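Trainee: Residues 634 to 836 in my numbering are what the sequence shown lists, from first letter to last. Backbone N, C-alpha and C fix where the C-beta goes; we use that ideal spot for every residue, glycine too. Keep in mind the model is a prediction, meaning the values are calculated, not measured. Below are the structure tokens for one structure; questions will follow.
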Amino acid sequence: EQEVPTGRGKRRLGVMGGTFDPIHHGHLVAASEVAALFHLDEVVFVPTGEPWQKSHKAVSAPEDRYLMTVIATASNPQFSVSRIDIDRGGPTYTIDTLRDLSALNADADLFFITGADALSQILTWRDAEELFGLAHFIGVTRPGHDLTDDGLPKGGVSLVEVPALAISSTDCRGRVAQGDPVWYLVPDGVVRYIDKRQLYRGE
Ligand code: ATP
Ligand code: MG
């Protein structure tokens, strides 16, 4: 049995941060699974501004990543999308995301959802100690990455197994660039949006 932190009477808000370039079914399954396991009222997807981990690479325009995230989540009444990181401008630090979201949602407990690869990087993030006071962290399994809370604060992190989808945005971009299909890796509307906007062609 997974230990589920409870905040009596408080709204339970999941936060799924990502570049979402493009959003794919790995992101959606992780969010859906955590929402069910942790009895979340809502999961807000937060596309990054200009991500510092990836500043050496070209990242698609924030507006394209935002719209793909909206398209992918629109049919789920529990899912929403926030522009806070995009509208803040500049590189996104998760500490800012969580500070802003907790100020905007004073009635809620925050649950930050992150894949095994990102979880293992947390201690390198800005203001790492403060992060755990703002949200409970939920690390989810991801094929090819070890899920561990080594070095992370006890009680601050839960580890959960989600259905394994060996999908990455990097692979999706590479497929589009090579003319290979991304059907069933990303939602249908995202396939069509990528095509309409001619994303990832020149890579
Ligand atoms: P890229 O290849 O561009 O890094 P990505 O597929 O890793 O893209 P991100 O936007 O970087 O997607 O990831 C956002 C969050 O979703 C991260 O916490 C990441 O670990 C998690 N995540 C991404 N893909 C999966 C997956 N297939 N299964 C579980 N978690 C995932
Ligand atoms: Mg990634």
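1) Would the segment 754-762 count as touching the segment 655-663 if we require 3 or more Cβ pairs under 8 Å?
2) Any idea which residues DSSP pairs D742 with across the strands?
3) Would you mind working out which of L832, F765 and F744 sits nearest V773, comparing C-alpha positions?
4) For the alpha helix (DSSP H) that contains I771, what are its first and last residues?
5) Kindly indicate which three-state DSSP category L792 falls into: helix, strand or coil?
6) In three-state terms, what does DSSP make of P695?
7) Could you check which residue in D821, D720, I746 and L818 has the C-alpha nearest to that of V795?
8) L698 to D654, Cα distance in whole Å?
9) List the endpoints of the continuous beta strand (DSSP E) containing S713.
Mentor: With the structure as the only source:
1) Result no; under three Cβ-Cβ pairs closer than 8 Å.
2) Residue pairing for D742: DSSP places it in a beta bridge opposite R645.
3) Distances from the CA of V773 to each of L832, F765 and F744 were compared; the closest alpha carbon is that of F744.
4) I771 -> not in any alpha helix (DSSP H); beta strand (DSSP E) instead, spanning H769 to V773.
5) Secondary structure of L792 (DSSP, three-state): strand.
6) In the structure shown, P695 sits in a helix (DSSP, three-state: H, G or I).
7) Of the listed residues, the one whose Cα sits closest to V795 is I746.
8) Checking the sequence, you will find Arg at residue 698 rather than Leu. Between R698 and D654, the C-alpha separation is close to 6 Å.
9) The continuous beta strand (DSSP E) containing S713 extends over residues F712 to V714.
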